[in-house]
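For reference, the structure discussed in these notes is given below.
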Amino acid sequence: MTTPTTSFDNLEAIANHLRERLEQKKYILLFAYNGTGKTRLSMAFKQLGKQGEDEAETRDTLYFNAFTEDLFSWDNDLDGDAQRVLRMNTDSRFFSGLQELEMENRIRPLLRRYADFDFTIDYEQATVNFVREVPAGDSTESIEYIKVSRGEENIFIWCFFLAVAQLAVDEQEAYAWVRFLYIDDPISSLDDNNAIAVASHLAQLLKSGNGKIRTVISTHHHLFFNVMCNELSNAPKYFVSKETDRFLLTDTGDTPRYHHVALLKQLHEVAESGEIYTYHFNILRSLLEKTATFHGFRNFSACIKRDNDDADGILHARLVNVLSHGNYSLYEPQQMLQENKDYFRKILRDFMDNYRFNPELFPVADKGNI
């Protein structure tokens, strides 16, 4: 049975579809590779909820994406090299009225889950001063105006957003306008431990509300996506991809909780249909590399079956190397030569025979290979 896939002409059409789905569903989970258009999709979704202009403008979506992160920028005090602060772009409505809401007291308990530094906010100067306790003899001393790492900065911004989102979920009057949360890749610089913690905490926050606010979560991070699938098990789960001049939304259902299974299903289906494009070798190589790493091999070639006349697997490894590089783009797909299609099928099927997956997920076409 083929996985249900819907084609859309543009990202705005997908955004409209997501809004329609959210009339019946509380949450939607999206997986997409970087470069597919995740951030642009979040902005298209937000834009559909805007009406009017300037002061008369209304909106319905509180969003987190790369633009949210860009509202914060470092002032490294190049002259004095002493008072490094993170500046907030208060021209954005994201920061409206936050001083009255005592944001520090709301952010701090969230930040303590992930980080060992503290902070203060100067609302008049629109700056954040980071503070860390360091050993000093038998006690500690506070060092102010420290420069935190990129990962620490990202987690602070994420906790800032979470505090605002909690206000919306709790139906605080200042956020009565929020009907939707759209969260795109909140953990781009975090390790796996924090990825799990962020996903679990986010799910708790969303489930703490009364369900009036609906949420879309998109990511390219496999582990984060998997944890969200488990936490929000009833949410529709989609794989977003792009082919030539159209976007595809594939409903992964409850089958592939781990995205490598969904990718393997996709490769199996194109191998069966004969609609094999050069960029499918990129996906195959990615799967081989992840499998090799999991099993402790140094190179993906260890996961390629050796033929009797090619005991070292050199031929197939070189084919994967060559055909997964070069000018083979997801955005300008080219069909493979028949010979390369045959090689692709052989490498894929040998891999699936050697590393056994549930065969029920990979039905064989009724009419043989094309």
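1103 is the number of the first residue of the sequence shown in our numbering; add one for each residue after it. C-beta: ideal position from N, C-alpha, C; glycine also.
CB contact below 8 Å: residue i versus chain D
| i | result |
| --- | --- |
| residue 1283 | Of the protein chains in the structure, only one exists, and it is not chain D. |
For residue i, the three-state DSSP class (helix, strand or coil)
| i | result |
| --- | --- |
| residue 1464 | coil |
| residue 1138 | coil |
| residue 1284 | strand |
| residue 1434 | Caution applies to residue 1434, whose pLDDT of 44 falls short of 50 and renders its modelled position unreliable; the value that the coordinates give is listed next. Three-state result, residue 1434: coil. |
| residue 1245 | strand |
| residue 1079 | What the structure shows of the chain is the stretch from 1103 to 1472, and residue 1079 is not part of that stretch, so it cannot be assessed. |
| residue 1345 | strand |
| residue 1354 | coil |
| residue 1223 | strand |
| residue 1103 | Confidence at residue 1103 is low in this model, with a pLDDT of 41, below 50, so the placement of that residue should be treated as unreliable; the coordinate-derived value is given next. DSSP places residue 1103 in coil when its eight states are reduced to three. |
| residue 1381 | coil |
| residue 1310 | coil |
| residue 1278 | coil |
| residue 1413 | In this prediction, residue 1413 scores a pLDDT of 49, lower than 50, which makes its location untrustworthy; no coordinate-derived value is stated. |
| residue 1400 | coil |
| residue 1459 | coil |
| residue 1063 | What is shown of the chain runs 1103 to 1472, which leaves residue 1063 out entirely. |
First through last residue of the beta strand (DSSP E) which encompasses residue i
| i | result |
| --- | --- |
| residue 1237 | 1229 to 1238 |
| residue 1335 | Looking at the DSSP string, residue 1335 is not in any beta strand (DSSP E), and its letter there is neither H nor E. |
| residue 1107 | 1107 to 1110 |
Contact check, residue i vs residue j, beta carbons under 8 Å
| i | j | result |
| --- | --- | --- |
| residue 1342 | residue 1351 | yes |
| residue 1232 | residue 1250 | yes |
| residue 1533 | residue 1190 | What the structure shows of the chain is the stretch from 1103 to 1472, and residue 1533 is not part of that stretch, so it cannot be assessed. |
| residue 1448 | residue 1320 | no |
| residue 1247 | residue 1195 | no |
| residue 1318 | residue 1450 | no |
| residue 1260 | residue 1230 | no |
| residue 1282 | residue 1199 | no |
| residue 1277 | residue 1147 | no |
| residue 1134 | residue 1322 | yes |
| residue 1310 | residue 1271 | yes |
| residue 1269 | residue 1203 | yes |
| residue 1167 | residue 1286 | yes |
| residue 1529 | residue 1127 | A question about residue 1529 goes unanswered here, because the residues of the chain that appear run from 1103 up to 1472. |
Residue span of the alpha helix (DSSP H) that contains residue i, given as start and end
| i | result |
| --- | --- |
| residue 1130 | Segment 1129 to 1133 is the beta strand (DSSP E) holding residue 1130; no alpha helix (DSSP H) there. |
| residue 1266 | 1252 to 1271 |
| residue 1319 | Here residue 1319 belongs to no alpha helix (DSSP H); instead the beta strand (DSSP E) covers 1316 to 1321. |
| residue 1449 | 1440 to 1456 |
Contact belief for residue i with residue j at Cβ below 8 Å, rounded distance in angstroms
| i | j | result |
| --- | --- | --- |
| residue 1296 | residue 1171 | 16 Å between Cβ atoms; not a contact. |
| residue 1438 | residue 1393 | The Cβ separation is near 22 Å, so there is no contact. |
| residue 1217 | residue 1254 | 6 Å |
| residue 1385 | residue 1365 | 6 Å |
| residue 1113 | residue 1349 | 6 Å |
Extract the residue ranges of the beta strand (DSSP E) inside the stretch 1141 to 1218, only unbroken runs of 3 or more that lie entirely within it. 1163 to 1166, 1174 to 1177, 1187 to 1190
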